[in-house]
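In what follows, a single structure is set out as structure tokens and then discussed.
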Amino acid sequence: MRVSYSALMCAFLLSGCQSLTTSSSEQPQATAPLNAPAATATTLETPPAVQPQAEAVVPVTDVWQRIREQMALEVPDNDRVDHFRQWYISHPKHLKIISQRAEPFMYLIVEEIEKRNLPIELALLPIVESAFDVFAYSAGAAAGIWQFTSPMGRHFGLQQNWWYDGRRDVYASTVAAMDMMEYLHNKMGQDWNYSLAAYNTGEGRVFRAIKKNKKKGLSTDYFALDLPTETERYVPQLLALADVVKNAEKYGIDLTPIANEPQLQRLDIGSQIDLSLAADLADMTIAELHKLNPGYNRWATSPDGPHALLLPVDKVAGFQTALADTDQTERVNWVRYTIKAGDSLSVIASKYHTRTAIIQSVNKLSDNRIRIGQTLLIPVAAKDPEDYVFSAEQRLARKQSSKRAAFKMEHLVQSGDSLWTIARANNITVKQLAKWNGMAPSDPLRAGRKLAIWVNKVSQNQKSTSVMRKVQYTVRSGDSLARIGQKFQVTVADLLRWNDLSKRKYLQPGQKLKLYVDVTRVEV
Numbered sequence: 208m209r210v211s212y213s214a215l216m217c218a219f220l221l222s223g224c225q226s227l228t229t230s231s232s233e234q235p236q237a238t239a240p241l242n243a244p245a246a247t248a249t250t251l252e253t254p255p256a257v258q259p260q261a262e263a264v265v266p267v268t269d270v271w272q273r274i275r276e277q278m279a280l281e282v283p284d285n286d287r288v289d290h291f292r293q294w295y296i297s298h299p300k301h302l303k304i305i306s307q308r309a310e311p312f313m314y315l316i317v318e319e320i321e322k323r324n325l326p327i328e329l330a331l332l333p334i335v336e337s338a339f340d341v342f343a344y345s346a347g348a349a350a351g352i353w354q355f356t357s358p359m360g361r362h363f364g365l366q367q368n369w370w371y372d373g374r375r376d377v378y379a380s381t382v383a384a385m386d387m388m389e390y391l392h393n394k395m396g397q398d399w400n401y402s403l404a405a406y407n408t409g410e411g412r413v414f415r416a417i418k419k420n421k422k423k424g425l426s427t428d429y430f431a432l433d434l435p436t437e438t439e440r441y442v443p444q445l446l447a448l449a450d451v452v453k454n455a456e457k458y459g460i461d462l463t464p465i466a467n468e469p470q471l472q473r474l475d476i477g478s479q480i481d482l483s484l485a486a487d488l489a490d491m492t493i494a495e496l497h498k499l500n501p502g503y504n505r506w507a508t509s510p511d512g513p514h515a516l517l518l519p520v521d522k523v524a525g526f527q528t529a530l531a532d533t534d535q536t537e538r539v540n541w542v543r544y545t546i547k548a549g550d551s552l553s554v555i556a557s558k559y560h561t562r563t564a565i566i567q568s569v570n571k572l573s574d575n576r577i578r579i580g581q582t583l584l585i586p587v588a589a590k591d592p593e594d595y596v597f598s599a600e601q602r603l604a605r606k607q608s609s610k611r612a613a614f615k616m617e618h619l620v621q622s623g624d625s626l627w628t629i630a631r632a633n634n635i636t637v638k639q640l641a642k643w644n645g646m647a648p649s650d651p652l653r654a655g656r657k658l659a660i661w662v663n664k665v666s667q668n669q670k671s672t673s674v675m676r677k678v679q680y681t682v683r684s685g686d687s688l689a690r691i692g693q694k695f696q697v698t699v700a701d702l703l704r705w706n707d708l709s710k711r712k713y714l715q716p717g718q719k720l721k722l723y724v725d726v727t728r729v730e731v
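Per my numbering, numbering through the sequence shown is continuous, rising by one, with the last residue being 731.
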């Protein structure tokens, strides 16, 4: 943080040709007491020195003001910049909401940027990248407030596994983002516009654009480069945002003040812990704790680390005291499961909301072979899965249940499926299908995953006057798809699609089928 001081000038009366100077760094002269004897005529009379007084420094109490005072990047008079400036000015609620989201983390981010002597404007980048949504996931498969892709995140040291995604860990990803910024700044010839563009689209693409303009004898200024549309908008958006934040009062923007003091403290507790227990020890709700620690995908921190938690500073002392009184073996609940006939690791993993690989790792199993009577140790959540409202499962469930059309169907991914084939079969776009299921269009599909599909027309025979009802039909001996379709006036193609069936497979008595039936035509 930059703090400026000014000193008052000291005036002295001089006798004859002799001069006396006092620098501002010297201690002020002591003045004679009021009852001191008068000076004789031969004595050099020096009046009392005026004590230098520093102007009262008003402490910066708001992080936004701390940012304003250090802004140094040039904001050009440019149509692209002006476009985004006007957008922010016309949407004042947007920045107010973002200011509230940023409140717990902005001090932490500013500290990291200042420590490295980087442009303070970088603190605004999460607004451009993710609107400070800690759970943001983009169509380009980028996650977290700094929007790291998986490969780039790993390159800059962010772990990613079933338990933990460092791209959403605000502390870890901020360190990684600043590492990347320093790397790009050195790589891109110390030009911050180039560096920011490279952060968005990659250094190679920026270098190629520069080379192309040089070859044509054109300007190589960032604003003259031929870059992807998103990147051409990216830097102007940040510069416009910086101008609006710097001149918020002028533009009528009300940024929610953020205290210029630490909001959070990072504690490494040394081993895996259930987030519900950690929340109890910190006197917080699970949701409150998880929002500050969005890097954890599940109900607990990762078994192999990291084991760090960000906690509000006023909760730290109580948490540490309570944790010290908790036996380390109580940090995670364990179930001893005895294998029964018909069990498999995948069935057991599904039952306990975990993964086969985790059961194998905990029990030191080299493969999937198990035997009846064998006992397995399984880590389990202390509370119901629904209580961990910001776990990956619960966030996905909410996204898939968000109403997008009249009917919601489910598709169980089979080997050979792709987003494109599933989307085409249901007359929707890949982009829609991916968005409804918390994916990027480029994400791979795993067999066994359930996808939500929203459609307004659920059946080929559906008319505008149809009243469709979802029913469950139990297959009887002698049934066939054709016979069931004829009975309920639905097509075999619909039956196959609704139930993820293959034409080559036979129906079995007792099998349950989902049907969407027009009750105006068929009595159910």
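Think of the CB as a built atom: it goes at the ideal place given N, C-alpha and C, for glycine as much as any other residue.
Here the structure is a predicted model, which means the values were calculated and not measured.
Start and end of the beta strand (DSSP E) containing residue i?
i, result
"Ala543", "Residue identity differs from the one stated: residue 543 is Arg in this sequence, not Ala. First-last of the beta strand (DSSP E) with Arg543: Asn540 to Thr545."
"Tyr680", "Met675 to Thr681"
"Lys721", "Lys719 to Asp725"
Tell me, please, which residues DSSP counts as bridged to residue i.
i, result
"Pro586", "Trp541"
"Ala486", "For Ala486, which the question treats as bridged, DSSP gives no partner whatsoever."
"Trp271", "Paired residues: none, contrary to the question."
"Trp627", "Answer is none; Trp627 lacks a bridge partner."
"Thr356", "Ala349"
"Leu619", "Lys657"
"Asp574", "Asp574 pairs with nothing; no bridge assigned."
"Leu446", "None; Leu446 has no bridge partner."
"Tyr503", "Tyr371"
"Gln472", "Leu518"
"Ala613", "Ala613 is not bridged to any residue."
"Thr433", "Per the sequence presented here, residue 433 reads as Asp, with Thr not at that position. Paired residues: none, contrary to the question."
"Asp481", "Ala507"
"Val662", "Phe614"
Candidates the options: which alpha carbon is nearest residue i's?
i, options, result
"Gly692", "Asn504, Ile320, Ser673 and Lys721", "Lys721"
"Ser483", "Val452, Phe526 and Asp521", "Phe526"
"Trp506", "Ile480, Thr356, Ala531 and Ala641", "Ile480"
"Leu315", "Ile274, Val678 and Lys638", "Ile274"
"Glu336", "Gly512, Glu318, Arg374 and Gln366", "Arg374"
"Phe363", "Ile352, Met278 and Thr381", "Thr381"
"Asp591", "Arg602, Ile635, His560 and Pro513", "His560"
"His514", "Trp370, Ala689, Asn668 and Tyr680", "Trp370"
"Gly347", "Arg415, Asp650, Ser622 and Leu488", "Asp650"
"Lys615", "Ser625, Ile635 and Val282", "Ile635"
"Pro510", "Leu448, Pro586, Ser573 and Gln470", "Pro586"
"Leu474", "Gly512, Glu439, Thr438 and Tyr441", "Gly512"
"Ser557", "Glu600, Val539, Thr528 and Asp521", "Glu600"
"Ala647", "Ala279, Ile304, Tyr344 and Val288", "Tyr344"
"Leu462", "Gln354, Ala489, Lys303 and Lys419", "Lys303"
Where do the N-terminal and C-terminal ends of the alpha helix (DSSP H) with residue i fall, by residue?
i, result
"Gln667", "Run containing Gln667: none; DSSP gives neither H nor E here."
"Phe291", "Asp286 to Ser297"
"Tyr314", "Met313 to Lys322"
"Asp591", "Counting along the chain, Asp591 falls outside any alpha helix (DSSP H), and DSSP gives it neither H nor E."
"Ala529", "Val523 to Ala531"
"Gly692", "Leu688 to Phe695"
"Pro333", "Leu332 to Ser337"
"Glu456", "Ala455 to Tyr458"
"Phe414", "Glu410 to Lys423"
"Gln567", "Thr563 to Val569"
"Met491", "Element bounds for Met491: n/a, residue is neither H nor E."
"Ala556", "Leu552 to Lys558"
"Asp386", "Val377 to Lys394"
"Gln639", "Val637 to Trp643"
Would you mind sorting residue i into buried or exposed? The rule is 16 or more other CB atoms within 10 Å of its CB.
i, result
"Val554", "exposed"
"Ser231", "Any answer about Ser231 is weak, because its pLDDT of 36 lies below 50 and its placement is not dependable; what the coordinates show is given next. Label assigned to Ser231: exposed."
"Ile327", "buried"
"Thr672", "exposed"
"Pro501", "buried"
"His392", "buried"
"His618", "buried"
"Asp725", "buried"
"Ala246", "Bear in mind that the predicted position of Ala246 carries a pLDDT of just 39, short of 50, making it too unreliable to give a figure here."
"Glu308", "According to the sequence displayed, residue 308 carries Arg and not Glu. It counts as buried."
"Ala349", "buried"
"Asp376", "buried"
"Thr249", "Low local confidence applies: a pLDDT of 39 at Thr249 is under 50, so the model's placement there is unreliable, with the coordinate-based value given in what follows. That one is exposed."
"Tyr713", "exposed"
Distance cutoff 9 Å, beta carbons only. Does residue i sit that close to anything in chain D?
i, result
"Glu456", "Considering every chain present, this structure includes no chain D. It has just one protein chain."
For the structure I just gave you, are there three or more beta carbon pairs, one from the region 637–644 and one from the region 675–693, closer than 8 Å?
By the C-beta criterion, the region 637–644 is judged not to be in contact with the region 675–693, since fewer than 3 inter-stretch pairs fall below 8 Å.
Three-pair Cβ contact test at 8 Å for the region 646–662 versus the region 605–612:
Verdict: yes, contact present.
Check whether the region 450–467 and the region 564–577 are in contact - that is, three or more C-beta pairs closer than 8 Å.
The region 450–467 and the region 564–577 do not touch, with fewer than 3 CB-CB distances between them shorter than 8 Å.
Can at least three beta-carbon pairs, one atom from the region 277–296 and one from the region 346–366, be found at a separation below 8 Å?
Too few Cβ pairs lie closer than 8 Å, so no.
Touching by the beta-carbon criterion (3+ pairs, under 8 Å), the region 539–551 and the region 580–591:
Taking 8 Å as the limit for Cβ pairs, the verdict is that the region 580–591 does touch the region 539–551.
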